[in-house]
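Visitor: Got a structure for you, written out below as structure tokens; questions coming shortly.
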Amino acid sequence: MEIYFDNAATTMVCKEAADAALSAMTMEYGNPSSLHNKGLEAEKIMRRGRESVAALWGVKAEEIYFTSCATESNNLALSGAVKKGLKWGDTVITTKAEHPSVLEVLENLKSEHNFKLIYIDLLKNGQPDMDMLKKYMSEKIILISMMHVNNETGCIMPVREAVNMVKKASPRAFAHSDMVQSYGKTGVSPAMLGVDFASVSGHKIHAPKGIGALYIKNGVSIKTGIFGGGQEKNFRSGTENVPGIAAFGAASEKAMAEREETNKKTAEIKKYISNSVLSCLDGCFTNGESTVSNILNITFTGLRSEILLHSLEARGIFVSSGSACSSNHPSPSKVLTAMGLKNGEIDGSLRFSFSGYNTMDEAKYTVKVLLEEVPKIRKFYRG
Ligand code: PLP
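Printed below as a string of structure tokens:
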């Protein structure tokens, strides 16, 4: 048996996306910039992909710029916005919940340019401290970057409220949201959040790795950091990843058609695992309030999550400790630290993340395994 509960790290490619990619690789393989029919064929595939990604997000097709991943989307949006804004302002605001592809970019920009970088604290429930945000309002704010859904806890952040506050104080400020964990799940569009830029990634919604997109609101312009042949309206040069775009489009169409059903299913699985663990095992608690239905973060005190993760793996269950996307950095989760968890608690935290391919039978088996493994592992814990 193989149970994949690590869908916030990446997902299995769905058949519809794989078929679309295969067709674009073997049939419509032309370069979309070529003037002949093979080029036009590829261009048509790309147009459909763009329309499908835009439709799932509730934005216009011309507001979608394809990239290689959300990390690239975050890099391009943040560096373009900061460099433009520095002509008139001096403050950038973000939160302690952000993914490294936001935090590292901002730190890097700060090391090269002179501006104030404010990190909004997290409350115990995983939400940003909006009172702290209020204190930093000024007309010198260049940019706010606040993710919509946190990848470790699943917390849905009050982006709209934060953006309204910032734009009221500083009307020229840009707003960016990393919507990687929100896209295809929440039904919230960048327009609903009031942001100028938003980033997404195909591999979180059953498309392959290597394709992402950046939403840039119509009428907003920033300079690119990638120069060359002028593809993607001169914003992101490089021959387009037509198979990736075709697959991203197909996965978006599927996600849109199945969103309600998928959310219902993942909510049931999440509730079952969460309720069973909390009622049958002592010393466990969930992390985060106002969370999406597909992410569940549980702290099992009195054990190291890495040991539990490998015990689950040995029984065919795949989960994550902390953020899989930053597992190159074995330091304690910055998000859980910012939420005030103690080191021992962070060390005992696991993330279960679900998709529409998961079943209640998988949830029941996982609970059975957890009830067997957790007490065994706790016996050898030295703290
Ligand atoms: N932002 C968030 C919230 C993520 O969860 C991830 C990946 O896990 C990324 C950004 C980076 O996405 P990509 O792998 O497409 O670069």
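The working numbering puts the sequence shown at residues 1094 to 1476. Yeah, the Cβ is synthetic: ideal placement off N, Cα and C, and Gly gets one too.
DSSP three-state call for P1221: helix, strand or coil?
Guide: Working through the sequence shown from its first residue, we reach residue 1221 at position 128. Three-state DSSP puts P1221 in a strand.
Visitor: Locate the alpha helix (DSSP H) running through F1341, then write down its first and last residues.
Guide: To locate residue 1341, count along the sequence shown from 1; it is residue 248. Here the alpha helix (DSSP H) through F1341 covers 1335-1373.
Visitor: Is H1299 buried or exposed, if buried means 16 or more other CB atoms sit within 10 Å of its CB?
Guide: Locating residue 1299 in the sequence shown gives position 206, where the first residue counts as 1. The residue in question, H1299, is buried, as its Cβ has 16 or more Cβ neighbours within 10 Å.
Visitor: Considering only the alpha carbon of each residue, which of Y1458, L1443, D1271 lies closest to L1396?
Guide: By 1-based counting over the sequence shown, the position of residue 1396 is 303. Of Y1458, L1443, D1271, the residue nearest in Cα terms is L1443.
Visitor: Rounding to the nearest angstrom, what Cα-Cα distance links Q1324 and D1440 in this structure?
Guide: As a first step, residue 1324 must be located in the sequence shown, where it is residue number 231. As a first step, residue 1440 must be located in the sequence shown, where it is residue number 347. When rounded, the distance between both Cα atoms is 45 angstroms.
Visitor: Going by beta-carbon coordinates alone, are D1271 and V1195 separated by less than 7 angstroms?
Guide: Position 178 of the sequence shown holds residue 1271. Position 102 of the sequence shown holds residue 1195. The answer is yes: Cβ separation under 7 angstroms.
Visitor: With a threshold of 8 angstroms on Cβ separation, who are the neighbours of E1351 within its own chain once the five nearest residues in sequence on each side are excluded?
Guide: As a first step, residue 1351 is located in the sequence shown; it is residue number 258 there, counting from the start. Excluding residues within five positions, the ones whose Cβ falls inside 8 angstroms are G1449.
Visitor: Would you report the Cα separation of G1088 and E1438, rounded to the nearest angstrom?
Guide: The structure shown does not extend to residue 1088, since the chain is modelled only from 1094 to 1476, so the question has no answer here.
Visitor: Taking the beta strand (DSSP E) that S1446 belongs to, which residues open and close that run?
Guide: Working through the sequence shown from its first residue, we reach residue 1446 at position 353. Residues 1442-1446.
Visitor: To the nearest whole angstrom, what separates the beta carbons of T1160 and R1329, a pair I think is in contact under 8 angstroms?
Guide: Walking along the sequence shown from the start, residue 1160 turns up at place 67. Walking along the sequence shown from the start, residue 1329 turns up at place 236. With a Cβ gap of about 6 angstroms, T1160 and R1329 count as contacting.
Visitor: Considering only residues of the same chain and omitting the five flanking positions on each side of R1140, which have a CB-CB separation below 7 angstroms?
Guide: Counting from 1 along the sequence shown, the entry for residue 1140 is found at position 47. If we look at R1140 and ignore the five residues flanking it on each side, it has no Cβ neighbours.
Visitor: Leaving out the 5 sequence neighbours to the left and right, which residues in its chain are closer than 8 angstroms to T1187 when beta-carbon positions are compared?
Guide: Here residue 1187 refers to the residue found at position 94 of the sequence shown. Only V1195, L1196, L1199, L1210, I1211, Y1212, I1213, I1237, S1238, M1239 meet the Cβ criterion.
Visitor: In the DSSP assignment, the beta strand (DSSP E) including L1389 goes from what residue to what residue?
Guide: Here residue 1389 refers to the residue found at position 296 when the sequence shown is read from its first residue. Element bounds for L1389: 1388-1393.
Visitor: Based on the DSSP output, what are the partners of S1413 in its beta bridges?
Guide: The residue given as residue 1413 occupies position 320 in the sequence shown. S1413 pairs with R1444.
Visitor: For S1292, write down the residues that DSSP places opposite it in a beta bridge.
Guide: Position 199 of the sequence shown, counted from the start, is the residue given in the question as residue 1292. Partner(s): D1271, L1307.
Visitor: Let's test the definition: count the other Cβ atoms within 10 Å of the Cβ of S1413 and tell me whether it reaches 16, buried, or not, exposed.
Guide: As a first step, residue 1413 is located in the sequence shown; it is residue number 320 there, counting from the start. Buried is the call here.
Visitor: Rounded C-beta distance between Y1158 and L1307? I'm assuming under 8 angstroms.
Guide: By one-based count along the sequence shown, residue 1158 stands at place 65. By one-based count along the sequence shown, residue 1307 stands at place 214. Right, the Cβ-Cβ distance comes to about 5 angstroms (below 8 angstroms), so this counts as a contact.
Visitor: To the nearest angstrom, how far is the alpha carbon of C1248 from that of Q1220?
Guide: Translated into positions along the sequence shown, residue 1248 becomes position 155. Translated into positions along the sequence shown, residue 1220 becomes position 127. Looking at the two C-alpha atoms, the distance is approximately 7 angstroms.
Visitor: Would you mind stating whether K1316 and G1182 have Cβ atoms separated by less than 7 angstroms?
Guide: Along the sequence shown, read from residue 1 onward, the residue named residue 1316 stands at position 223. Along the sequence shown, read from residue 1 onward, the residue named residue 1182 stands at position 89. No, the Cβ-Cβ distance between K1316 and G1182 is not below 7 angstroms.
Visitor: Y1229 by DSSP, collapsed to three states: which one?
Guide: Against the sequence shown, residue 1229 aligns to sequence position 136. If DSSP states are grouped into helix, strand and coil, Y1229 belongs with coil.
Visitor: State the beta-bridge partners of V1242 as determined by DSSP.
Guide: Along the sequence shown, one-based indexing puts residue 1242 at 149. Answer is I1249.
Visitor: Judging by CA-CA distance, which residue of A1344, C1373, M1432, T1384 is the nearest neighbour of S1150?
Guide: To locate residue 1150, count along the sequence shown from 1; it is residue 57. Checking the sequence shown, residue 1150 turns out to be Trp, not Ser. Of the candidates A1344, C1373, M1432, T1384, the one whose C-alpha sits nearest the C-alpha of W1150 is A1344.
Visitor: Which residue wins for smallest C-alpha separation from I1234, given the options V1242, M1258, M1223?
Guide: Mapped onto the sequence shown, residue 1234 falls at position 141. Closest by alpha carbon: M1258.
Visitor: Run the CB neighbour count on M1094, radius 10 Å, all protein chains shown included, and call it buried at 16 or more, exposed below.
Guide: In the sequence shown, counting from the first residue as 1, residue 1094 sits at position 1. Burial call: exposed.
Visitor: Could you give the residue range of the alpha helix (DSSP H) that holds K1180?
Guide: Numbered from its first residue, the sequence shown carries residue 1180 at position 87. Per DSSP, K1180 belongs to no alpha helix (DSSP H) and is neither H nor E.
Visitor: Give the DSSP-derived three-state secondary structure of T1104 in the structure shown.
Guide: By 1-based counting over the sequence shown, the position of residue 1104 is 11. In this structure, T1104 counts as coil in the three-state DSSP scheme.
Visitor: If I'm right that E1455 touches L1405 with Cβ under 8 angstroms, what's the distance once you round it to whole angstroms?
Guide: Reading the sequence shown from its first residue, position 362 is the one you call residue 1455. Reading the sequence shown from its first residue, position 312 is the one you call residue 1405. The Cβ separation is near 12 angstroms, so there is no contact.
Visitor: From Q1274, S1398, R1471, N1218, pick the residue whose C-alpha is nearest to that of A1163; which is it?
Guide: Numbered from 1 along the sequence shown, position 70 holds the residue referred to as residue 1163. Ranking the options by Cα distance to A1163, first place goes to Q1274.
Visitor: Could you give the DSSP three-state label for M1118: helix, strand or coil?
Guide: Against the sequence shown, residue 1118 aligns to sequence position 25. Three-state result, M1118: helix.
Visitor: Can you tell me whether H1192 is buried or exposed? The criterion is at least 16 other CB atoms within 10 Å of its CB, across all chains shown.
Guide: In the sequence shown, counting from the first residue as 1, residue 1192 sits at position 99. Result: buried.
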